[in-house]
Structures are given as structure tokens and as C-alpha cells.
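Trainee: Sequences listed follow chains G and X, in order. Letter by letter, the first sequence follows residues -3 to 269 in our numbering. Letter by letter, the second sequence follows residues -3 to 269 in our numbering. Just so you know, even glycine gets a beta-carbon here, dropped at the ideal spot from N, CA and C. These figures come from a predicted structure and were not determined experimentally. Submitted below is the structure of interest, expressed as C-alpha cells.
Protein chains: 2
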Amino acid sequence: MTEIIAPTHPFDSAIDLTPAEDGVFAGHTSAAFANMVGPFGGITAATLLRAVQQHPDRLGDPLSLTVNYAGPVAEGAFEITARATRTNRTTQHWSLELTQAGVLTTTATAVFGIRRETWESTESEMPRVPAPDAVEPSPFPEFIAWARNYDMRFVEGAVPNEDSGENPDSTSTLWVRPTPARSLDYPALAALADVFFPRVFLRRGRYMPAGTVSLTVYFHGNPEALATQADEPLLGTARTGRFGNGYFDQSAELWGRDGALLATSHQLVYFKD
Amino acid sequence: MTEIIAPTHPFDSAIDLTPAEDGVFAGHTSAAFANMVGPFGGITAATLLRAVQQHPDRLGDPLSLTVNYAGPVAEGAFEITARATRTNRTTQHWSLELTQAGVLTTTATAVFGIRRETWESTESEMPRVPAPDAVEPSPFPEFIAWARNYDMRFVEGAVPNEDSGENPDSTSTLWVRPTPARSLDYPALAALADVFFPRVFLRRGRYMPAGTVSLTVYFHGNPEALATQADEPLLGTARTGRFGNGYFDQSAELWGRDGALLATSHQLVYFKD
């Protein structure tokens, strides 16, 4: 009998953690998810969420996650410390820190909880766009490693190139799907919440130093809603409210093909023009 | 010679903290800012921000704040512990905990920083509404103590009463001004970010148990932009993207009369219908 071992998906390799002592997890950066400086912020967010999921005291599923990118994560090993700060009947609050050789690079808080059936209503409207197959993939520049893990098909607001001028609107809308394909779960959704390149690139029509300072993700989809998506593309849309004084906000929505609003996310981004 | 001592504004009394040992501040809940269960979430957010502002190591001004309401704050004394987790050249990251007799009720993270002049653009549009004087004040129900600290003039989406039916839209837009008048500063702005009643009340046309789980505020206004507002009313607008499984998100903007977008905020709210 031949045992068939499926190769680990690169995303799962990147967020893989080894539980050490109580609440401490050992991880390692993944070259496949490198950004220009340090790892893709989305993979750091996913890894922090994964730490809570793996914690033996964990209650329920992710409701919200805030990640503060305090300093650059260097290539190599890191440690995540996850601490349940308060456990209620149906919700649980977590504080997390990511360190490298004792130096803090990232802090986070997360709320997990048990969802129940209630009245529901999606008030935001899913953008009306062509089906994913009707949109051409538009690759990121080759030097951004992490983006090669996603098939991105921009309906509007693609990554600027040398011929792009300024754009009056900061909105990008795209179909996005992990490549190779992978079923949707909460860590994947957390990473996708950060898949939108900095809006200032789009407005100014060029690259410049920019990095997320703080990212918040609200998880609207329950586990069934996520499972329903399987490995289908999600529709993402992101825009900025205000740029100024070296910072801007960026808000995003992630929709399933079935019209389910799976996550909303917000971030504050540093830029240097 | 008679010394004239101005009475302390109730907001300043409510957020008043006494520095104890390193990074620990002693405070006390204020009856004037009580909500149905525990204090108004906005006053807790403002008090946490105030702790960082008072910390001798503090660098710059608030850029973002996330507050996780883990458990109810009881009437009485509390302690805030503020810890600078990382200090960079122009930004500083903070982790905070609020406890009562050793029991954790609230966690928070904050990013402070030094702003500089850059390209700027406000892409969100300020709602077009009548001037504050042309809108009637619409008081909150008398039993919500904290709301008596604000003059609120709803342009749309006022607090529902017995005759309100369901509303197809979750948007509230209002002029809001502290009463008595008080100059705008960052703690005041943090509190105003939570001044919007739970959007589910508006959609369902009635009250029900609801409470903020996690609140994030991005501060777009620099100190000069805040000072310019003096004690003038701000225009606030808030709406929800999705309600379901006992939770909903709520996003808000706070605008100056001069058209400055001063803060954007997002929260995840628990509800029981």
C-alpha cells in the first residue's frame, strides 16, 4: 500500500506554528509570503489568528482581530505569545505579541465567540461586476513575492504601472483567489483582508514607501458561510476616506460569489510621498 | 483678591486619572456618563487614551485606538495599566488594560505618532445637511445618563420611539456638541466616535440588549485641525454593513463644520433580538 501524502499548501506552511510552553508558539517567516520589507501583513495577521485557534483554551470562532505592526519582522524565527485576557459565557478576549529574539514587532487583540442564529440583514451592496472568468488576471510586479500566492483579477483600480497617472478615486475591486486553490477558513480570510495594495499608490499613480500601522478585521461569516465558499474566488473592494499627515485609512469588504459579506476590514497606513 | 476657579467640565472629571506607580493610573466611574449597563463606551475609550497622554514616556499624538470591551465596568474605582510596547523614531505602540479589584474588564491598543506635512486628500464626502441651528435637538430617553452630556440634532436616523417602525437603512447623521460646551481634543473625539446608538435599534425600530465588543478609532485630524473646531458642533454619520449571528459592524465619520474629516471609527457590536 502506498501512502499518498498531499504536499502542504504554502499558506499552511507559512502560518504553521509549534506550540511551546503554555500560550507560546514558535513560527518562522516564509519566503513565499515576503513583502518588500518583512512578511506580507496579511500572513502575520493569519498567523496570529492561528495561534489563538491552536490554543487549548480557545472558545468559539473569530469575531474580530486587530493587529498593530509596531516594527519590521525580520526573516527567520519568531515567537507568538497568546493570552486569554477574559473568558465570558459566549465570548473570549485575547492579547497577543509577536517577538523575535525578545524584540517585540507586532501586537494584536482578538475577540472569539460562539455565534447563534438571529435576525440578519446585509445592508452593504456587493459591487456588480463581471464573473471572475470574464476578467483578466493582472499580476503584481514580480518583486512582490507574496502576491504570487493570489490570482487577482481587477475590475477597477489595478496596480499602477509606469504609464498610470494620478487617479481621482482610491477604489480597487477585484476577484481574488489563493493559488494554488485552497478552501476558505478564518486565517485565509484574515490574510485576504490585507490583500489590497496601499490606496495611495492608486491615487498617486506610483509606488512609494507605505506600510500598515494597524489592521482590524471583523469576521461576518460563520463557519458554514466560509465552508460554502470552498476554494472559489472572493470579491474584494477597498477604498480610502482620507489621506494626510503621512497616514491614510483604508476600508475593505470581502464577498463570497453567493453574495455573502464574509468580512469587513479597516486599516491605518503610513506613507511617505 | 478673589481667586476664581472654573468648575471642572464633567467630561474632564470623568476621564480624570491619578498616576500611581509606573504606568498605572487610578480612576473612578462617573455617574454623569453612565449607560444602561456600566459606563458609556466612549468615556472608557477617552479615559484609556488619556492614560497614554499622561504617561511620561508618551511620543506624539493619537493615530489609532482599539478598545475591546471584555466585561462590564462596575460603578466605582478602576485601574488602568499603560505599557509602551515599542517606541520607534516617529511612532509608538501602547497596550492597555483596565481592571477593577484585579478583574480585567477592558483591553486596548493605541498607536501614537508625530505627524508631518504630506500630500493630502479627503476622498469621503461630508454629508450635505442643514446648519446645526436649523435642526431641532432630539434628546435621548431620560434613563440614558451619558447622552445628557451631548446636544444631538439628528438630520436622519433619530433614536426610535414607540411609534417607529422598522427602518430600511441604518444610517444616522447628526450634529453633536458636548453640553456644556468644551473645546475639542483627542479624548473628546474618541468619546464622540462612540456617540452613535446601536444601529440595530434603528433598523428594528426598538431597543434591545446591545453592546460594543470592539471599537477602533482612526484620528485623521492633527492638533491644529482639532483646535480649529474650538467648541463648535461636529457632524457625525454612522451606518452598518451587516447584521447577523448576534453581531453587527458599525462605521462612523466625524466631520468639522469646516469640512475637515477628523476621525473615522468602526465597531463590532453584540445584539440580542
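(1) Can you give me the Cβ contacts of X:Ala16 inside the same chain, cut-off strictly under 7 Å, excluding the 5 residues immediately before and after it?
(2) Could you please give me the residues that DSSP links to X:Arg79 through a beta bridge?
(3) For the region 231 to 239 of chain G and the region 203 to 211 of chain G, state whether three or more C-beta atom pairs, one from each stretch, are separated by less than 8 Å.
(4) Provide the residue(s) that pair with G:Trp171 in DSSP beta bridges, ordered along the chain.
(5) Give me, in chain order, the residues of the same chain whose beta-carbon lies closer than 7 Å to that of G:Pro128; leave out the 5 immediate sequence neighbours on both sides.
(6) Ordered along the chain, which non-local residues of its own chain (more than five positions away) have a Cβ less than 8 Å from that of X:Gly242?
(7) Show which residues of chain G have a CB atom less than 7 Å away from the CB atom of X:Tyr243.
(8) Would G:Trp115 count as contacting chain X if we go by Cβ distances under 8 Å?
(9) Determine the extent of the alpha helix (DSSP H) in which X:Thr40 is found, giving its start and end residues.
(10) Interface residues of chain X around G:Ala66 at Cβ under 7 Å?
(11) Of all Cβ atoms in chain G, is any one closer than 8 Å to the Cβ of X:Glu249?
(12) Can X:Ala259 and X:Leu180 be called in contact, C-beta distance under 8 Å?
(13) Is the shortest distance between the beta-carbon of G:Asp269 and the beta-carbons of chain X less than 8 Å?
(14) Assess, as a yes-or-no matter, whether the region 21 to 38 of chain X is touched by the region 138 to 147 of chain X under the definition of 3 or more beta carbon pairs within less than 8 Å.
(15) Measuring CA to CA, which of G:Phe215, G:Ala206, G:Asp227 is closest to G:Gln246?
(16) With a floor of 3 residues, list each beta strand (DSSP E) that falls wholly inside the region 102 to 168 of chain X, ordered by position along the chain.
(17) So, is X:Val99 buried or exposed, given that buried needs 16 or more other C-beta atoms within 10 angstroms?
(18) What are the residues in the region 250 to 267 of chain X lying within 8 Å of chain G by C-beta distance?
(19) Would G:Asn145 and G:Thr169 qualify as a contact pair, given that the criterion is a beta-carbon distance under 8 Å?
(20) Would you say G:Asp165 touches the ligand ADP, meaning its beta carbon is less than 7 Å from a heavy atom?
(21) Which residues does DSSP list as the beta-bridge partners of X:Gln225?
(22) Is G:Pro183 near G:Leu45, with beta carbons less than 8 Å apart?
(23) Taking 8 Å as the threshold, find out whether the region 73 to 86 of chain G comes into contact with the region 35 to 55 of chain G through three or more Cβ pairs.
(24) For a contact defined as C-beta to C-beta under 9 Å, what are the partners of X:Leu100 on chain G?
(25) Give the straight-line distance between the Cα atoms of G:Pro110 and G:Ala248, rounded to the nearest whole angstrom.
(26) Residue range of the beta strand (DSSP E) that X:Arg238 falls in?
(27) Can you tell me whether X:Asp147 is buried or exposed? The criterion is at least 16 other CB atoms within 10 Å of its CB, across all chains shown.
(28) The alpha helix (DSSP H) with G:Leu188 in it runs from where to where?
(29) If you measure between the beta carbons of G:Thr236 and X:Glu119, is that distance less than 8 Å?
(30) Name the chain X residues whose beta carbon is nearer than 7 Å to that of G:Val69?
(31) For a contact defined as C-beta to C-beta under 7 Å, what are the partners of X:Tyr214 on chain G?
Mentor: According to the structure data:
(1) Here residue 16 of chain X refers to the residue found at position 20 of the second sequence. So the list reads Ala22, once near-sequence residues are dropped.
(2) Taking the second sequence and counting its residues from 1, the one referred to as residue 79 of chain X is at position 83. BP columns for X:Arg79 point to X:Ser91.
(3) no
(4) Along the first sequence, read from residue 1 onward, the residue named residue 171 of chain G stands at position 175. In the DSSP output, where bridge partners are listed per residue, G:Trp171 has G:Arg149, G:Leu231.
(5) Taking the first sequence and counting its residues from 1, one reaches residue 128 of chain G at position 132. These residues qualify, in order along the chain: Arg149, Trp171, Pro229.
(6) Looking up residue 242 of chain X in the second sequence gives position 246. Contacts found: Tyr266, Phe267, Lys268.
(7) On the second sequence, residue 243 of chain X is found 247 positions in, with the first residue counted as 1. Within chain G, the residues near X:Tyr243 are Leu59.
(8) Position 119 of the first sequence, counted from the first residue, corresponds to residue 115 of chain G. For G:Trp115, the answer is yes, since a Cβ of chain X falls inside 8 Å of its Cβ.
(9) Along the second sequence, read from residue 1 onward, the residue named residue 40 of chain X stands at position 44. Note, X:Thr40: alpha helix (DSSP H), 37 to 50.
(10) Locating residue 66 of chain G in the first sequence gives position 70, counting from the first residue. The contacting residues are Thr81, Arg82, His89.
(11) Taking the second sequence and counting its residues from 1, one reaches residue 249 of chain X at position 253. Cβ-Cβ to chain G under 8 Å: yes for X:Glu249.
(12) Here residue 259 of chain X corresponds to residue number 263 of the second sequence, with the count starting at 1. Here residue 180 of chain X corresponds to residue number 184 of the second sequence, with the count starting at 1. No. Outside cutoff.
(13) Taking the first residue of the first sequence as position 1, residue 269 of chain G is located at position 273. Taking Cβ atoms only, chain X reaches closer than 8 Å to G:Asp269, which makes this a yes.
(14) yes
(15) What you label residue 246 of chain G is simply residue 250 of the first sequence in a count that begins at 1. Checked all of G:Phe215, G:Ala206, G:Asp227; the closest Cα to G:Gln246 is G:Ala206.
(16) 146 to 152
(17) The count along the second sequence starts at 1 and reaches residue 99 of chain X at position 103. Its Cβ having fewer than 16 others within 10 Å, X:Val99 is exposed.
(18) Leu257, Thr260, His262, Leu264, Tyr266, Phe267
(19) For the purposes of this step, residue 145 of chain G is identified with residue 149 of the first sequence, where counting begins at 1. For the purposes of this step, residue 169 of chain G is identified with residue 173 of the first sequence, where counting begins at 1. Contact: no.
(20) Among the components modelled here there is no ligand, and therefore nothing to report on the ligand ADP.
(21) The residue given as residue 225 of chain X occupies position 229 in the second sequence. According to DSSP, which records beta bridges pairwise, X:Gln225 is partnered with nothing at all.
(22) Start at 1 with the first residue of the first sequence, and residue 183 of chain G comes out as number 187. Start at 1 with the first residue of the first sequence, and residue 45 of chain G comes out as number 49. Cβ atoms of G:Pro183 and G:Leu45: closer than 8 Å.
(23) yes
(24) Taking the second sequence and counting its residues from 1, the one referred to as residue 100 of chain X is at position 104. Those are Thr81, Arg82, His89, listed as they occur along chain G.
(25) For the purposes of this step, residue 110 of chain G is identified with residue 114 of the first sequence, where counting begins at 1. For the purposes of this step, residue 248 of chain G is identified with residue 252 of the first sequence, where counting begins at 1. The sequence shown places Ile at residue 110 of chain G, rather than the Pro named in the question. The alpha-carbon atoms of G:Ile110 and G:Ala248 are separated by roughly 24 Å.
(26) Along the second sequence, one-based indexing puts residue 238 of chain X at 242. Where X:Arg238 is concerned, the enclosing beta strand (DSSP E) stretches over 238 to 240.
(27) As a first step, residue 147 of chain X is located in the second sequence; it is residue number 151 there, counting from the start. Buried: at least 16 other Cβ atoms inside 10 Å.
(28) Position 192 of the first sequence holds residue 188 of chain G. G:Leu188 -> alpha helix (DSSP H) spans 182 to 188.
(29) Sequence index remark: in the first sequence, residue 236 of chain G carries index 240 (1-based). Sequence index remark: in the second sequence, residue 119 of chain X carries index 123 (1-based). Their beta carbons are under 8 Å apart, which means G:Thr236 touches X:Glu119 by this criterion.
(30) Residue numbering aside, residue 69 of chain G sits at position 73 when the first sequence is read from its first letter. Within 7 Å Cβ-Cβ: nothing; G:Val69 doesn't reach chain X, min ~12 Å.
(31) Your numbering for residue 214 of chain X matches position 218 in the second sequence. Chain G residues near X:Tyr214: Asp245, Leu264.
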